[in-house]
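Asker:
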Amino acid sequence: MEVAYIIETLIKIVVILLVFSALAGLGTYFERKILAFMQRRLGPMHVGPYGLLQVAADGIKLFTKEDIVPTNAVGPIFKIAPVITAATAFMAAAAIPFLPQFTLPFTDYVVHPIVADVNIGILYVLGVMAVGFYGPLLGSLASSNKFALISAARAASVFISYEVITGLSLLAPLMMVGSFSLIDFNNYQAGGIGDWIIWSQPVAFLLFWIAAFAETGRTPFHLVANDHEIIDGFGTEYSGMRWGLFFIGEYANMFFISFVIVLLFLGGFGDGSVLGAFAFLGKMAFFFFFFLWTRAAWPDIRPDQLMWLCWKVLMPIALINVVITGFVMMF
Amino acid sequence: MEAIAFYTFAILTTVMFLITVLTNHALYALSALAAGMIFISAFFFLLGADFLGAIQIIVYTGAVMALYAFGMMFFDTTRDVVEKRNSPQLVFGLSGLAALTVVAIFTAPIVSGNITALYPVIDGVGNSQQVGMVLFTKYLIPFEVAAVMLLVAMIAGIVLAGKKMDHSLTLMKEEEIERQTNEKAQV
Chain Z
1 MEVAYIIETL
11 IKIVVILLVF
21 SALAGLGTYF
31 ERKILAFMQR
41 RLGPMHVGPY
51 GLLQVAADGI
61 KLFTKEDIVP
71 TNAVGPIFKI
81 APVITAATAF
91 MAAAAIPFLP
101 QFTLPFTDYV
111 VHPIVADVNI
121 GILYVLGVMA
131 VGFYGPLLGS
141 LASSNKFALI
151 SAARAASVFI
161 SYEVITGLSL
171 LAPLMMVGSF
181 SLIDFNNYQA
191 GGIGDWIIWS
201 QPVAFLLFWI
211 AAFAETGRTP
221 FHLVANDHEI
231 IDGFGTEYSG
241 MRWGLFFIGE
251 YANMFFISFV
261 IVLLFLGGFG
271 DGSVLGAFAF
281 LGKMAFFFFF
291 FLWTRAAWPD
301 IRPDQLMWLC
311 WKVLMPIALI
321 NVVITGFVMM
331 F
Chain C
1001 MEAIAFYTFA
1011 ILTTVMFLIT
1021 VLTNHALYAL
1031 SALAAGMIFI
1041 SAFFFLLGAD
1051 FLGAIQIIVY
1061 TGAVMALYAF
1071 GMMFFDTTRD
1081 VVEKRNSPQL
1091 VFGLSGLAAL
1101 TVVAIFTAPI
1111 VSGNITALYP
1121 VIDGVGNSQQ
1131 VGMVLFTKYL
1141 IPFEVAAVML
1151 LVAMIAGIVL
1161 AGKKMDHSLT
1171 LMKEEEIERQ
1181 TNEKAQV
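Structural data, given as structure tokens:
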């Protein structure tokens, strides 16, 4: 293996880690601001201009807080659980192309902004993101707290509900493209807006989008840590940076799943021009914004309602969609 | 590079499954099982079988997650589980013998050099396509049988868990069904 390749990969990993850790912090700021504006408040205003330095203040608070491990908790598992959430979120990012390939200025070195272009890209991303659910599950089982235990049961029920929908809804676009690679998905839609998969697979797009809310644990399906019912669920016993790691994982996941939705259904970065790259980031930003918008607009649903929705409504629709796609492709 | 990765994951996997077997703690056992299953996927990736590696991760995350649900229902997962052991020697002997037999079964063809690849790698075709080709030609019947087995398991699960399934509506006469619904309405 070439030395240059190893160095390039290491640099890409460090850049992704730094950018998305920072974005995860900023994500909490965006969320508080947008929720505030939707509720006709100002949100954080005191630290820095327009409260921009609130992120830094929160960071200092989380890092300096005492790190408490409760007496009855199962120590090793309790400590490793937040790391699972954060680490799997970033591991999933390895197969996502964040920008079209570009040449470094003043040289002719071509950079591919993807850590590993594996030919099973989307399967790998969804699989590793699913492992992220072990974070809340293990954390809540290990903390020996009854609210956390309820949260663990809910984590398991959310997991078995949404996994089926993501898999089945993706099947139809996969049949059309014939590849698991996110780059192939992008190239399939490179011809412009008319080629986007959303026009031929609107049902799959909606189902995948709904499942993305369950996957990231965002508001309509935020059952794992509903603060008005079960305190903070898995986070009840956590303090300081361990608690913070859960949130870095959650916000990073929101960014990554937004990238994936755009790559799968909305043309990704198109033909790879500078305009395409900016459009890619813009579309991603819309989906991130939509996560926050939903949180301001919708109430949470009960766990049994989520299971009913996933198994009895969305799964049959996804199956019918797959069958129809098959028939259309055959004849 | 490959050797380093192989030995790292070999040690990690073995240690994880050792913990699974040796611990008395339900939470340690389940977590080590999940970790071991996910580390196994590394061997698939090392051998170039990307598709099977990803499937290993996806399938076993879900499967072990279901085990956690049972663990939650039956044990206090933060405490050691006290097992009742009547004759540990017998258990040790039998499980040891079973393990040795399995090892012998799988190593015998390797030792005698009787392994031939019936379906050699096709050039210029992706990993997942190759799996599909073999699955839908040579192994079509086992594949379909597995699907039927899953259907049977699903229907059995629904029947076992569903209420009001101890009477067969198709075998009853019209009047009987009506009488039953009327009784229900009165209650």
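So the sequence lines, in the order shown, correspond to chains Z and C.
In terms of our numbering, the numbers along the first sequence are unbroken and rise by one, the last being 331.
In terms of our numbering, the numbers along the second sequence are unbroken and rise by one, the last being 1187.
We put the beta carbon where it would ideally sit given N, CA and C, even for glycine.
#1: Could you tell me whether the Cβ atoms of Gln201/Z and Phe265/Z are closer together than 9 Å?
#2: Would you identify the three-state DSSP class for Val110/Z, choosing helix, strand or coil?
#3: Answer with buried or exposed for Asp1080/C, where buried requires no fewer than 16 other C-beta atoms within 10 angstroms of its C-beta.
#4: Based on Cα-Cα distance, which residue from Val131/Z, Val125/Z, Gly167/Z, Val83/Z lies nearest to Gly244/Z?
#5: Looking only at DSSP bridge pairs, what is His1025/C linked to?
#6: I need the straight-line Cα distance from Gly178/Z to Pro105/Z, nearest angstrom please.
#7: List, in order along the chain, the chain C residues whose C-beta lies closer than 8 Å to that of Ser144/Z?
#8: Would you give the residue range spanned by the alpha helix (DSSP H) that Phe213/Z belongs to?
#9: Since Glu237/Z and Ala73/Z are thought to touch, with beta carbons under 8 Å apart, how far apart are those beta carbons, to the nearest angstrom?
#10: What's the call for Val1125/C, buried or exposed, on a 16-neighbour Cβ count within 10 Å?
#11: Determine the DSSP secondary structure at Thr1014/C, reduced to helix, strand or coil.
#12: At which residues does the alpha helix (DSSP H) containing Ser1095/C begin and terminate?
#13: With a threshold of 9 Å between beta-carbons, can Pro76/Z be considered close to chain C, or not?
#14: When the cut-off is 9 Å and only beta carbons count, does Arg127/Z lie next to chain C?
#15: Between Thr166/Z and Gly276/Z, what straight-line distance do the alpha-carbon atoms span, to the nearest angstrom?
#16: Determine the direct distance from the alpha carbon of Phe133/Z to that of Ala214/Z, and round the result to whole angstroms.
#17: Tell me the rounded alpha-carbon separation between Thr1013/C and Ile1038/C.
#18: How about Tyr188/Z and Thr28/Z: do their beta carbons lie closer than 9 Å?
#19: Measure how close the beta-carbons of Ile96/Z and Val125/Z come, nearest whole angstrom, since I'm counting them as under 8 Å.
#20: Out of Ile248/Z, Gln54/Z, Gly51/Z, state which residue places its alpha-carbon closest to the alpha-carbon of Leu18/Z.
#21: If you run the structure through DSSP and keep just helix, strand and coil, what is Phe102/Z?
#22: Taking the alpha helix (DSSP H) that Gly1071/C belongs to, which residues open and close that run?
#23: Are Leu349/Z and Met315/Z touching if we call contact CB-CB under 9 Å?
#24: The alpha helix (DSSP H) with Glu237/Z in it runs from where to where?
#25: Go to Thr219/Z, then tell me how far its alpha helix (DSSP H) extends in each direction, as first and last residue.
#26: In or out: Ala86/Z buried (at least 16 other Cβ within 10 Å) or exposed?
#27: If you drop the 5 nearest sequence neighbours on each side, which residues of the same chain put their C-beta closer than 7 Å to that of Gly1002/C?
#28: Is the shortest distance between the beta-carbon of Ala153/Z and the beta-carbons of chain C less than 9 Å?
#29: Whose C-alpha, out of Val115/Z, Val111/Z, Gly75/Z, is nearest the C-alpha of Ser144/Z?
#30: Could one say the Cβ of Leu1033/C lies closer than 9 Å to chain Z's Cβ atoms, at least one of them?
#31: What residue does the alpha helix (DSSP H) around Lys61/Z start on, and which one ends it?
#32: Just curious, the alpha helix (DSSP H) that Asp271/Z is in, first and last residue?
#33: Under 7 Å between beta-carbons, which chain C residues line up against Val131/Z? List them in chain order, please.
#34: Reducing DSSP to helix, strand and coil, say where Ala73/Z ends up.
Answerer: A quick look at the data gives this:
#1: Locating residue 201/Z in the first sequence gives position 201, where the first residue counts as 1. Locating residue 265/Z in the first sequence gives position 265, where the first residue counts as 1. Cβ atoms of Gln201/Z and Phe265/Z: closer than 9 Å.
#2: Here residue 110/Z refers to the residue found at position 110 when the first sequence is read from its first residue. Strand at Val110/Z.
#3: Mapped onto the second sequence, residue 1080/C falls at position 80. That one is exposed.
#4: The residue you call residue 244/Z lines up with position 244 of the first sequence. Minimum Cα distance to Gly244/Z is reached at Val83/Z.
#5: As a position in the second sequence, residue 1025/C is number 25, starting the count at 1. DSSP output for His1025/C lists Asp1080/C as bridge partner(s).
#6: Locating residue 178/Z in the first sequence gives position 178, where the first residue counts as 1. Locating residue 105/Z in the first sequence gives position 105, where the first residue counts as 1. Their Cα atoms are separated by approximately 35 Å.
#7: On the first sequence, position 144 is the one that residue 144/Z refers to. Neighbours of Ser144/Z on chain C, chain order: Thr1078.
#8: By 1-based counting over the first sequence, the position of residue 213/Z is 213. That run of the alpha helix (DSSP H) goes 202-216.
#9: Looking up residue 237/Z in the first sequence gives position 237. Looking up residue 73/Z in the first sequence gives position 73. Confirmed, Cβ separation roughly 6 Å.
#10: Within the second sequence, numbered from 1, the residue matching residue 1125/C stands at position 125. Counting the other Cβ atoms within 10 Å of the Cβ of Val1125/C gives fewer than 16, which makes it exposed.
#11: For the purposes of this step, residue 1014/C is taken as the residue at position 14 of the second sequence. Note: Thr1014/C maps to helix in three-state DSSP.
#12: Start at 1 with the first residue of the second sequence, and residue 1095/C comes out as number 95. Where Ser1095/C is concerned, the enclosing alpha helix (DSSP H) stretches over 1088-1112.
#13: Residue numbering aside, residue 76/Z sits at position 76 when the first sequence is read from its first letter. Output row for Pro76/Z: interface = yes.
#14: Here residue 127/Z refers to the residue found at position 127 when the first sequence is read from its first residue. Checking the sequence shown, residue 127/Z turns out to be Gly, not Arg. Yes - at least one Cβ of chain C is within 9 Å of the one on Gly127/Z.
#15: As a working mapping, residue 166/Z is identified with position 166 in the first sequence. As a working mapping, residue 276/Z is identified with position 276 in the first sequence. Their backbone Cα atoms lie some 27 Å apart in a straight line.
#16: Taking the first residue of the first sequence as position 1, residue 214/Z is located at position 214. Taking the first residue of the first sequence as position 1, residue 133/Z is located at position 133. Distance between the alpha carbons of Ala214/Z and Phe133/Z is about 11 Å.
#17: Counted from its first residue, the second sequence places residue 1013/C at position 13. Counted from its first residue, the second sequence places residue 1038/C at position 38. Cα-Cα distance, rounded: 9 Å.
#18: Here residue 188/Z refers to the residue found at position 188 when the first sequence is read from its first residue. Here residue 28/Z refers to the residue found at position 28 when the first sequence is read from its first residue. The answer is no: Cβ separation not under 9 Å.
#19: As a working note, residue 96/Z is residue 96 in the first sequence. As a working note, residue 125/Z is residue 125 in the first sequence. Contact between Ile96/Z and Val125/Z holds: their C-beta atoms lie close to 6 Å from each other, under 8 Å.
#20: For the purposes of this step, residue 18/Z is taken as residue 18 along the first sequence, with counting starting at 1. The candidate whose alpha carbon is nearest that of Leu18/Z is Ile248/Z.
#21: Counted from its first residue, the first sequence places residue 102/Z at position 102. Here Phe102/Z sits in strand by DSSP.
#22: As a working note, residue 1071/C is residue 71 in the second sequence. It spans 1050-1074 - the alpha helix (DSSP H) in which Gly1071/C sits, taken as one unbroken run.
#23: In the structure as shown, chain Z begins at 1 and stops at 331. Residue 349/Z is therefore absent and cannot be evaluated.
#24: Position 237 of the first sequence, counted from the first residue, corresponds to residue 237/Z. Neither: Glu237/Z is in no alpha helix (DSSP H) and is coded neither H nor E.
#25: Here residue 219/Z refers to the residue found at position 219 of the first sequence. No alpha helix (DSSP H) contains Thr219/Z, which DSSP labels as neither H nor E.
#26: Along the first sequence, one-based indexing puts residue 86/Z at 86. Label assigned to Ala86/Z: buried.
#27: In the second sequence, the residue the question calls residue 1002/C occupies position 2. Inspection of the sequence shows that residue 1002/C is occupied by Glu rather than by Gly. Excluding positions up to five away in sequence, the list reads Leu1046.
#28: For the purposes of this step, residue 153/Z is taken as residue 153 along the first sequence, with counting starting at 1. It does: the Cβ of Ala153/Z has a partner Cβ on chain C nearer than 9 Å.
#29: Taking the first residue of the first sequence as 1, we reach residue 144/Z at position 144. Of the listed residues, the one whose Cα sits closest to Ser144/Z is Gly75/Z.
#30: Position 33 of the second sequence, counted from the first residue, corresponds to residue 1033/C. Leu1033/C does not count as touching chain Z.
#31: Locating residue 61/Z in the first sequence gives position 61, counting from the first residue. Per DSSP, Lys61/Z belongs to the alpha helix (DSSP H) from 54-64.
#32: By one-based count along the first sequence, residue 271/Z stands at place 271. Element bounds for Asp271/Z: n/a, residue is neither H nor E.
#33: Residue 131/Z sits at position 131 when you count from the first residue of the first sequence. By Cβ distance, chain C contributes Ile1038, Ile1057, Thr1061.
#34: Position 73 of the first sequence, counted from the start, is the residue given in the question as residue 73/Z. Coil at Ala73/Z, not helix or strand.
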